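Before any comments, here is the structure.
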Amino acid sequence: MHPTITSSLIGLTILAVLGGPIPASAQPLTRASEPPPRGSFLALQSAVELALQNHPAVQEGNANLKASEARTQQTRSLYYPQVYANADTTAGAGRTNPRFLVGGALLQQNQSIFAAGVIANQRIYDFGVTSNLVESSQLAERAQGQDVNARRALVVLNVQRTYLNSLKRRKLVQIAEETVRERGLIAGQIEALYRQQLKSKLDWNLVRVELVNAESFLIRSRNDLKSSYADLNRAMGVAGQDDYVLEDLAIDVKPTRPLDTLIGESLSHPEIQRLKEQTASAEAKLRATKQQYLPTISALASGGTFEPFDARQNQQTGGWWTAGALVSMPLFTGFLIENQVHEARAQRNA
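Written out as structure tokens, the structure is:
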């Protein structure tokens, strides 16, 4: 290979390997962004912003985070009263609440009845089931947030790598074009000397071979450059163009930090933090599942109106209300709780 090409390859390789990363914004971008038109300028920071907005991996992570936030709010709903409205009507010998009557008592005088009301149920104490479920959901939400951070970091890394690779490919094209021009001039000079019988045909053939090799390298370099632009578009998550004007970046060679420092920083990586949050979430869910064996204390309140639509019936009509307390404890659930405990324990150990 030509010495100029070799030296440029070394320089661009150093740029791609030792160039310092550009941090991404901690907050997701909100404005819509489209890839620049063909042949326009594309800065590295603009490429990073495009990727953080459009890459499917980041969008999937953000959607999963919103779903996790919604699940946390669903779990917190157990702290609040559950209020329902109901209305029913019957006609004939039936009654609006016949389930507590024996079968023979259902045969009563034909009558039309309408009843409507509201019932509220407030969980008072459940021995930590709700609190552990809420804690598990919150930890799962934080784990999903760390997953979003990891996805964003990986997307930024891929954009930086493909951007630097495109810079290297563009430089190789420039070097190959210059080499073709130089080989063309030399081939023209040798051909002129050969015509004047001052150079042998072997010399002319040798420079022609060098020119053909340089032209072949130029074609490969241009193809590699277009391929690198396609890789850059894929890293940004957009259907972009096959030609950009890239930003010239300065080479920043930094000394290698001690291994212990690198290991310590790697322990704070979002992937590690996500696993810790997931483990804590699974443990909280396991505690909540085990506590389902214990009683649940709730308060009930209901009120409504009753109308038989028959003046001949000597029945009290109008509004009514009732209130009470309920203590429920599972005795047999078809092994539901047992298998929920097995599932939660397996998820914790996974």
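To convert, count from 1 in the sequence shown and add 290; that's the working numbering.
Note that beta-carbon positions come from the ideal geometry of N, C-alpha and C, so glycine has one too.
In this text, all values refer to a predicted model and were calculated from it rather than measured experimentally.
Along the beta strand (DSSP E) that carries residue i, what are the first and last residues, could you check?
i: Ile587; result: Thr586 to Glu597
i: Leu488; result: Here Leu488 belongs to no beta strand (DSSP E), and DSSP marks it neither H nor E.
Is the beta carbon of residue i within less than 7 Å of some heavy atom of the ligand MG?
i: Gln335; result: Within the structure as shown, the ligand MG is missing, as the structure has no ligands at all.
Using a beta-carbon distance below 8 Å, is residue i in contact with chain C?
i: Ala405; result: Chain labels in this structure do not include chain C; a single protein chain is all it has.
Would you tell me roughly how many angstroms separate the C-alpha atoms of residue i and residue j, rounded to the nearest one?
i: Ser618; j: Glu350; result: 41 Å
i: Pro293; j: Phe507; result: Bear in mind that the predicted position of Pro293 carries a pLDDT of just 40, short of 50, making it unreliable; the figure below should be weighed with that in mind. About 14 Å.
i: Arg547; j: Asp493; result: 53 Å
i: Thr612; j: Val419; result: 28 Å
i: Ser588; j: Ile409; result: 13 Å
i: Ala466; j: Gly329; result: 20 Å
i: Ser284; j: Gln637; result: Lying before the first or after the last residue shown, residue 284 is absent from the chain, which here runs from 291 to 640.
i: Pro620; j: Met526; result: 53 Å
i: Gly478; j: Ala333; result: 40 Å
i: Phe417; j: Gln630; result: 17 Å
i: Asp514; j: Arg471; result: 20 Å
i: Arg485; j: Lys491; result: 9 Å
i: Pro560; j: Ala440; result: 5 Å
i: Gln568; j: Leu340; result: 30 Å
i: Glu628; j: Pro545; result: 57 Å
i: Thr452; j: Gly474; result: 33 Å
i: Thr469; j: Ser358; result: 57 Å
i: Leu496; j: Ala529; result: 44 Å
i: Asn503; j: Asp533; result: 25 Å
i: Val307; j: Thr551; result: Summary for Val307: the model assigns pLDDT 34, below 50, so the residue's position carries little reliability; its value from the coordinates is reported in the next sentence. Cα to Cα, Val307 sits roughly 19 Å from Thr551.
i: Gln563; j: Thr579; result: 24 Å
i: Lys575; j: Pro326; result: 48 Å
i: Lys489; j: Arg498; result: 13 Å
i: Trp641; j: His632; result: Absent from the structure is residue 641, since the part of the chain shown begins at 291 and ends at 640.
i: Ile480; j: Gln487; result: 10 Å
i: Val543; j: Glu505; result: 33 Å
i: Leu342; j: Gln335; result: 11 Å
i: Gly614; j: Thr362; result: 30 Å
i: Leu447; j: Leu626; result: 46 Å
i: Thr623; j: Leu423; result: 20 Å
i: Phe331; j: Leu539; result: 14 Å
i: Ser592; j: Arg366; result: 23 Å
i: Leu319; j: Gln428; result: Unreliable positioning characterises Leu319 in this predicted model, as indicated by a pLDDT of 37, which lies under 50. The coordinate reading is nonetheless provided below. So the alpha carbons of these two residues sit roughly 24 Å apart.
i: Ala381; j: Ala375; result: 21 Å
i: Leu584; j: Arg635; result: 18 Å
i: Lys461; j: Ile541; result: 14 Å
i: Asn354; j: Ala360; result: 10 Å
i: Thr586; j: Pro598; result: 37 Å
What is the C-beta distance between residue i and residue j, in whole angstroms, given that I count them as a contact (C-beta under 8 Å)?
i: Gly594; j: Gly407; result: 2 Å
i: Glu558; j: Ser426; result: Here the sequence assigns Ser to residue 558, which means Glu is not the residue at that position. With 8 Å as the limit, Ser558 and Ser426 do not qualify as a contact, their Cβ atoms being about 23 Å apart.
i: Ser421; j: Leu536; result: Wrong, their Cβ atoms sit about 54 Å apart, outside the cutoff.
i: Arg442; j: Val348; result: 6 Å
i: Asn352; j: Val445; result: Not a contact, Cβ separation roughly 12 Å.
i: Ala337; j: Leu522; result: 7 Å
Run through the DSSP bridge pairs and tell me what residue i is partnered with.
i: Arg413; result: Ser588
i: Asp378; result: Ala405
i: Val535; result: Phe331
i: Ala613; result: Ala591
i: Val373; result: Ala410
i: Ser421; result: DSSP output for Ser421 lists no bridge partner at all.
i: Ser618; result: Thr586
i: Gly608; result: Phe596
I'd like the span of the alpha helix (DSSP H) that includes residue i, first residue to last.
i: Gly351; result: Pro346 to Arg366
i: Val631; result: Leu626 to Asn639
i: Ser556; result: Leu549 to Ser556
i: Pro560; result: Pro560 to Lys580
So the candidates are the options; which of them puts its Cα closest to the Cα of residue i?
i: Ala405; options: Gly608, Ala591 and Pro585; result: Gly608
i: Ala520; options: Thr551, Ser511, Gln531 and Arg510; result: Gln531
i: Gln412; options: Tyr370, Arg460, Arg442 and Gln450; result: Tyr370
i: Glu573; options: Arg510, Ala430 and Asp550; result: Ala430
i: Lys356; options: Ser402, Arg432, Glu339 and Val424; result: Arg432
i: Gln464; options: Ile509, Val502, Leu423 and Arg485; result: Ile509
i: Arg512; options: Asn352, Thr469, Arg459 and Thr579; result: Arg459
i: Leu590; options: Leu522, Leu454, Ala377 and Ile414; result: Ile414
i: Thr379; options: Asn495, Tyr534 and Ser402; result: Ser402
i: Phe596; options: Arg498, Ala377, Ala360 and Glu359; result: Ala377
i: Lys566; options: Asn639, Thr623 and Pro598; result: Asn639
i: Gln450; options: Arg524, Thr586, Pro585 and Ile476; result: Arg524
i: His345; options: Thr586, Leu368, Gln364 and Glu324; result: Glu324
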